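Working notes, beginning with the structure itself.
Residue numbers (the working numbering), protein chains in the order written: chain A, 6 to 405; chain B, 6 to 405.
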């Protein structure tokens, strides 16, 4: 009898997303002529930049000719892309990583899941609350039910305290999804210190680092001394270059980072992840990797930063107008997310319904990110300027 | 202390591949002017067909404009591709599957790994020997060390007997990698019968089905009555349409297929795989899926079948010429692989060395696929016609 891996039964269906879709459908049925504006989804709206398009078209042409066709790729990723990542993402910030410490992937969701597999099912995991739900679900699927939630509240500016118990794997996300808050250099130093003292590993998700403006906010955890021994860094081209539908990402796994066998022997996470990828992953597509490489040209950098500026202006406008009518907001600086504090007594689904039914604007109820998200609401800056403006105008007219 | 998942320590490094690379490097150093011909790797040599290139170029253009840009995809895959798969791959063979029974992926390697995760680590697995090594490694990574190897020998034409013990998961690959042999309708019926009687699940890897010519050989396991209750089918565009560097695949998981909890309750594999994908997979890229869709147009079908014909002619030529000089061969019909029986007393690494050093041709030692591969050697038909001809000429001149 083929028995199921019962860890998979502990995952709930995606209630948040399906409930939002259901409510939208109902609203549309009853209001067929009203345009819903979606400030809920974390997906980009601007198309791929010309430099990326050109590179992908050129690579597609190469795939059409026998002389330049590329079959199976290199599981780790092509050197041409890894070298540019090392140069632009790291060396410019005085971080030195080697080529075999970068693994190209097809999105941070699968990268996060893949690295997590290499740790024992008995590892103690700490997540922030509120949190990106996939962190939790991946760990539950791997049989890790003993998850510690570190409370993010207004009092700590959504940056949880260093735990006073032992944790094996700590997920940090900065700039944070959903709260839009960021970890300063000083805070990150404390986390690295904690991880070193506890032989813990930090999963550092910095897929929104391109939104950072402040000098004091590290873009990479490796800007902190000693972090190579304790941190894996997850990066993505999804928000960086609008690759949500193209799929490209990378993970940095420094060779200094050691795991331990039960009997205390050291093993290399880097070596084991390479082994994992060679068995379970088929390499990122050539065309995709050429597209990703293109963002590191001068022209590519100029173009993607222009797009990021566009989203940042949305965030700034949203934050400013919502504060004008009395809302307290977090995030929206160094981040594409605005974390809205709801007026006393309104819960986050109630606010969702109100926003949808009164002004046809969709956001994400904070409680969908954990219990400590209750009383908050996430808005994203990824819509078009026009839609963002119209949504905020509708809100300010109705809620002031 | 972050403890490693010790199942990952049970995987050996890829000895086969790295040894082959090392021997090639040495040969090149000593013989810088000799052209090595590679009949070892299972990678295609013909470029993408024009219909696919056009579709991908068109989709890339769409990604460059705000009005037609596509961000995050649908995790299961786009309907436009799934509908064509249902029509061309299944309905034409009188197999009826529903849209939500097909999952688009990024290659069968990751699909095979993903489905396998949903089964208990205590499941008893049966693999053929010789076998595609990733089947084994994925199961070892999931903690399944109790693997039964079903012997494929000349006596059973490399089609193992139905086991007389209980097995939970059976991997079948037809046309087979590495032996090039195929399962007939009758044989497949016996396997489906066994699986039903034992509540087993068959992982049916038919990524080479496009090479099948014989009427009696099923292209899909669902051509066998009752197979929907017991089989998951893995398909890929890699060999079908030269997508080894593009990455697209699909898995069929019929809703009839049930797994069991330890206490005997039924659960849907289809539902659990959808849940797995939504947590751990980021959807296949839009451009890739448009490229895959294009092979199902009349022109696309004509073009890809022309490429397959080219490889089949290579296989036919190789088989015929090698048999002329006295080799016994398996496969090479309904398959891109030729499984060469070595003369008595020569082991497969010895033959590898001989072939490399005497005629500068590279193949794959049979023992790399398992103990029962010893005494055999795999050659592939995926090289160019010219290289294939030259390699075979060199071999026949030297070995007759």
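Quick reminder that beta carbons are idealized off the backbone N, C-alpha and C, glycines included.
Values in this document were obtained by computation on a predicted structure and should not be read as measured data.
DSSP puts residue i in a beta bridge; with which residues?
i, result
"residue 153 (chain A)", "A:131"
"residue 385 (chain B)", "B:342"
"residue 264 (chain B)", "B:272"
"residue 209 (chain A)", "A:177 and A:238"
"residue 257 (chain A)", "A:107 and A:238"
"residue 42 (chain A)", "A:366"
"residue 334 (chain A)", "A:345"
"residue 9 (chain A)", "B:124"
So with CB distances below 9 angstroms, who are the chain B contacts of residue i?
i, result
"residue 53 (chain A)", "65, 68, 69 and 74"
"residue 338 (chain A)", "What residue 338 (chain A) touches in chain B: nothing, since even the nearest Cβ is about 24 angstroms away."
"residue 58 (chain A)", "65, 66, 68 and 69"
Applying a beta-carbon distance threshold of less than 8 angstroms, which residues of chain B neighbour residue i?
i, result
"residue 293 (chain A)", "290"
"residue 114 (chain A)", "284, 285, 286 and 287"
"residue 281 (chain A)", "13 and 146"
What does residue i touch in chain A if you count any residue whose Cβ is under 9 angstroms from its own?
i, result
"residue 250 (chain B)", "68, 74, 75, 76, 77, 78, 288, 290, 291 and 292"
"residue 173 (chain B)", "6, 7 and 8"
"residue 236 (chain B)", "Near residue 236 (chain B) there are no residues of chain A at all, since even the closest Cβ is about 11 angstroms away, more than 9 angstroms."
Which whole-angstrom value is the C-beta distance of residue i and residue j, which I expect to be below 8 angstroms?
i, j, result
"residue 8 (chain B)", "residue 125 (chain A)", "4 angstroms"
"residue 367 (chain B)", "residue 43 (chain B)", "5 angstroms"
"residue 180 (chain A)", "residue 157 (chain A)", "In fact, because the Cβ distance is near 13 angstroms, the residues do not count as touching under 8 angstroms."
"residue 137 (chain A)", "residue 182 (chain A)", "5 angstroms"
"residue 6 (chain A)", "residue 265 (chain B)", "5 angstroms"
"residue 394 (chain B)", "residue 322 (chain B)", "7 angstroms"
"residue 219 (chain A)", "residue 339 (chain A)", "6 angstroms"
"residue 68 (chain A)", "residue 250 (chain B)", "7 angstroms"
"residue 197 (chain A)", "residue 247 (chain A)", "The pair is not a contact, with the Cβ atoms about 31 angstroms apart (cut-off 8 angstroms)."
"residue 241 (chain A)", "residue 112 (chain A)", "7 angstroms"
"residue 54 (chain B)", "residue 308 (chain B)", "4 angstroms"
"residue 258 (chain B)", "residue 272 (chain B)", "Not really, about 12 angstroms apart at Cβ, beyond 8 angstroms."
"residue 119 (chain A)", "residue 280 (chain A)", "Incorrect: roughly 11 angstroms between the Cβ atoms, too far for contact."
Output needed for residue i: all residues of its chain with C-beta closer than 8 angstroms, excluding positions within five of it in sequence on either side, in chain order.
i, result
"residue 284 (chain A)", "none"
"residue 128 (chain A)", "149, 173 and 174"
"residue 35 (chain B)", "none"
"residue 205 (chain B)", "171, 172, 173, 174, 175, 199 and 235"
"residue 164 (chain B)", "157, 186, 188 and 192"
"residue 343 (chain B)", "185, 320, 323, 324, 327, 334, 335, 336, 337, 383, 384, 385 and 386"
"residue 162 (chain B)", "186 and 335"
"residue 40 (chain A)", "365"
Whose Cβ in chain A lies nearer than 7 angstroms to the Cβ of residue i?
i, result
"residue 178 (chain B)", "Correct list: empty, because the minimum Cβ distance to chain A is about 16 angstroms."
"residue 43 (chain B)", "Within chain A, no residue comes near residue 43 (chain B); the closest Cβ sits about 11 angstroms away, beyond 7 angstroms."
"residue 139 (chain B)", "284"
Can you find the residues in the same chain that come closer than 6 angstroms, C-beta to C-beta, to residue i, ignoring five residues on each side of it along the sequence?
i, result
"residue 171 (chain A)", "203"
"residue 140 (chain A)", "132 and 176"
"residue 277 (chain B)", "123"
"residue 370 (chain B)", "353, 354 and 357"
"residue 299 (chain B)", "56, 57, 60 and 305"
"residue 31 (chain A)", "none"
"residue 294 (chain A)", "83 and 86"
"residue 245 (chain B)", "215"
For residue i, which residues in chain A fall below 8 angstroms Cβ to Cβ?
i, result
"residue 143 (chain B)", "284 and 285"
"residue 195 (chain B)", "Neighbours of residue 195 (chain B) on chain A: none; closest Cβ ~18 angstroms, over 8 angstroms."
"residue 152 (chain B)", "Within 8 angstroms Cβ-Cβ: nothing; residue 152 (chain B) doesn't reach chain A, min ~15 angstroms."
Who are the Cβ neighbours of residue i in its own chain at under 7 angstroms, not counting the five residues just before and after it?
i, result
"residue 404 (chain A)", "330"
"residue 50 (chain A)", "387, 388 and 389"
"residue 116 (chain B)", "110, 239, 254 and 256"
"residue 345 (chain A)", "327, 332, 334, 381, 382 and 384"
"residue 152 (chain B)", "130, 132, 141 and 144"
"residue 13 (chain B)", "146"
Residues of chain B with CB closer than 7 angstroms to the CB of residue i, please, in chain order.
i, result
"residue 49 (chain A)", "76"
"residue 111 (chain A)", "111 and 287"
"residue 384 (chain A)", "Simply none; closest approach about 17 angstroms."
"residue 62 (chain A)", "62 and 65"
Which of the residues in the region 195-229 of chain A, read from start to end, lie with their CB under 7 angstroms from any CB of chain B? The region 195-229 of chain A vs chain B, Cβ under 7 angstroms: 204, 205 and 206.
Where the region 264-277 of chain B meets chain A: residues whose CB sits under 7 angstroms from a CB there: The residues in question are 264, 265, 266, 267, 272 and 277.
Given a limit of 9 angstroms on CB to CB distance, which residues of the region 119-137 of chain B reach chain A? Flagged, chain order: 119, 122, 123, 124, 125, 126, 127 and 128.
Closer than 8 angstroms, Cβ to any Cβ of chain A: which residues of the region 8-32 of chain B, in chain order? The residues in question are 8, 9, 10, 11, 13, 14, 16, 18 and 19.
Using Cβ-Cβ distances below 7 angstroms, what residues of the region 297-325 of chain B are close to chain A? For the region 297-325 of chain B, the set of residues with a beta-carbon nearer than 7 angstroms to any beta-carbon of chain A is empty.
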